[in-house]
Amino acid sequence: MTATIQAIGVANGGGDCSGLNAVIRGAVHTAILKHGWRVVGIHDGFDGLIWPERTTPLTTDAVADILSRGGTILGTTNRGNPFHYPVEENGITVTHDYSLTCCENMRKLGLDALVVIGGDGTLGIARDLGRLGLPIVGVPKTIDNDISATEVTFGFDTALHVATDAIDRLHTTAESHGRVMVIQVMGRDAGWIALHSGIAGGVDVILIPEIPFTIETVCEKIRKQELSGKKFSLVVVAEGVKLPALDPAGKPFPAPRPGQVGILIGDAIQKFLKKEVRVAVLGHIQRGGSPSPFDRILSTRFGVEAVELIARGIFGHMVCLRAGEIQSVPLDEAAGKMRLVDPMGGIVRTARSVGITFGDQA
Ligand code: F6P
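As numbered in my numbering, residues 2 to 363 make up the sequence shown, in order.
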């Protein structure tokens, strides 16, 4: 038993991600079974701290059977920043600052500390609530794997399995029909899923936000392959990739609808090469479903360590993975710093060595 702590809250914010439930379970089990604390689930991001009726007790029964389940039993939202909460008033959207309400409701709920699981946006909110005096620890979450302070975030491995499986399936149909297949994966700012799944799936072209590309260079690669007898090509596109200013006809590319950049790239390749192209947008399939064993273990380790930080009285920190060990880092250092793919880094060089192009050179 830890003398000063009697009850903690657990909240998650932003997009869902495989492994969230495993973090919640890890935290709840450690808090209850090891420390004898009470645990309260904060629902729908920080909404449960603004409206405390949206909280529930998290007992060991409440978290039974959730280890292998995707999504989050707490519900989530990416529109619930308590510092700028959007509210409809007289037909227009205004924002309210509910941050002090959150602090007050923590006290009313009898919570001594809060575990916040989230990506960059949610961790930034956690840091700012911490600056108001809330005892908070963070847990990094995103399938994009782009939080700089941790080597890996949970959810990435599961998304990578889904993307690689999709590439394997599209490979056989590309080969059978002699087509170009464009596969769009997630990755809003960083190309980690595209880079790793592209190497794992043995694709020909990987297009990521960190490396500028041209359609002509992509097509040159596809054409060279055809001349050498390979009649099909696989192109993986991260959804955050930046289109070149002009298409091969010298016209400006239209602005892509959110999550649709792969379709414009597929159209441009088809026009330039006059070859059959098909586009598959994987979308939220990568975020759903049962977490991989790696993600279940990482999530559990993160959930356990978040509670242990509270037990040791360490607040304003985020758990992280470094050199295979679970450590922690101040939220001030973690929030707002992205881990992007290094275009000159080892993994990009590995991809180039096995003949993959990034559209910057044929
Ligand atoms: O940041 C994680 C992520 O999955 C991004 O890759 C993607 O751009 C975004 O979330 C999608 O968010 P939403 O669920 O709001 O469409």
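Ideal placement from N, C-alpha and C gives every residue a C-beta, glycine not left out.
For residue i, collect the residues of the same chain with a Cβ closer than 6 Å to its Cβ; drop the 5 residues on either side in sequence, then sort them by chain order.
i    : result
Q271 : V278
A160 : I144, I194, Q287
V140 : V24, I118, F303, A307, V320
M182 : L171, A175, L235, R279
V116 : V11, A28, V138, A307
G76  : H44, D45
R26  : V64, I67, L68
N146 : T154, F157, W193
Can you tell me whether residue i is buried or exposed, with buried defined as 16 or more other CB within 10 angstroms of its CB?
i    : result
T165 : buried
D205 : buried
M339 : exposed
G346 : exposed
L397 : The question about residue 397 has no answer, for the chain in this structure spans 2 to 363.
H197 : buried
A12  : buried
N91  : exposed
P136 : buried
S329 : buried
I43  : buried
W52  : exposed
E309 : buried
L59  : buried
R128 : buried
I216 : buried
K252 : exposed
T123 : buried
G16  : buried
A65  : exposed
K142 : buried
V355 : exposed
L133 : exposed
I148 : buried
L34  : exposed
G37  : exposed
Which same chain residues, not among the five before or five after residue i, have their C-beta less than 8 Å away from its C-beta?
i    : result
R297 : G20, A23, L68, S69
H162 : S293
C220 : P249, I270, F273, L274
F359 : V206, I207, L208, I209, I212, F214, P344, V349, A352, R353
A324 : E152
F254 : L244, P245, A246, L247, D248, L265, A269
G290 : S19, G71, T159, V163
T96  : H85, Y86, P87, V88
T94  : P87, V88
M2   : Unreliable placement is indicated for M2, whose pLDDT of 46 sits below 50; no coordinate value is reported for it.
Below 8 Å on the Cβ atoms is my contact criterion, and I expect residue i with residue j to pass it. Report the Cβ-Cβ distance as a whole number of Å.
i    : j    : result
E152 : V342 : In fact, because the Cβ distance is near 14 Å, the residues do not count as touching under 8 Å.
A281 : A167 : 7 Å
Y99  : P87  : 11 Å between Cβ atoms; not a contact.
G203 : A239 : At roughly 17 Å, the Cβ-Cβ gap does not stay under 8 Å, so G203 and A239 are not in contact.
A335 : A150 : 4 Å
D121 : G81  : Not confirmed; about 15 Å, so no contact.
I184 : A352 : Not a contact, Cβ separation roughly 15 Å.
H318 : L299 : The pair is not a contact, with the Cβ atoms about 17 Å apart (cut-off 8 Å).
L247 : P257 : Contact flag wrong, Cβ pair sits at about 15 Å.
K232 : G179 : 4 Å
V186 : L112 : The Cβ separation is near 38 Å, so there is no contact.
G131 : F316 : 7 Å
G284 : G260 : 6 Å
Q8   : R39  : The question names Gln, but residue 8 is Ala in the sequence shown. That belief holds up - the Cβ atoms of A8 and R39 are roughly 4 Å apart, short of 8 Å.
G125 : G337 : 6 Å
T61  : H30  : 6 Å
For residue i, which residues of its own chain have a beta-carbon under 7 Å away from its beta-carbon, when the five flanking residues on both sides are left out?
i    : result
G241 : G188, R189, D190, P210
C104 : L133, G134, L135
* Which residues are close to the ligand F6P, meaning CB closer than 6 Å to any heavy atom, in chain order? -> The set, ordered by position in the chain, is G16, N79, G120, T143, I144, D145, M187, G188, R189, E240, R288.
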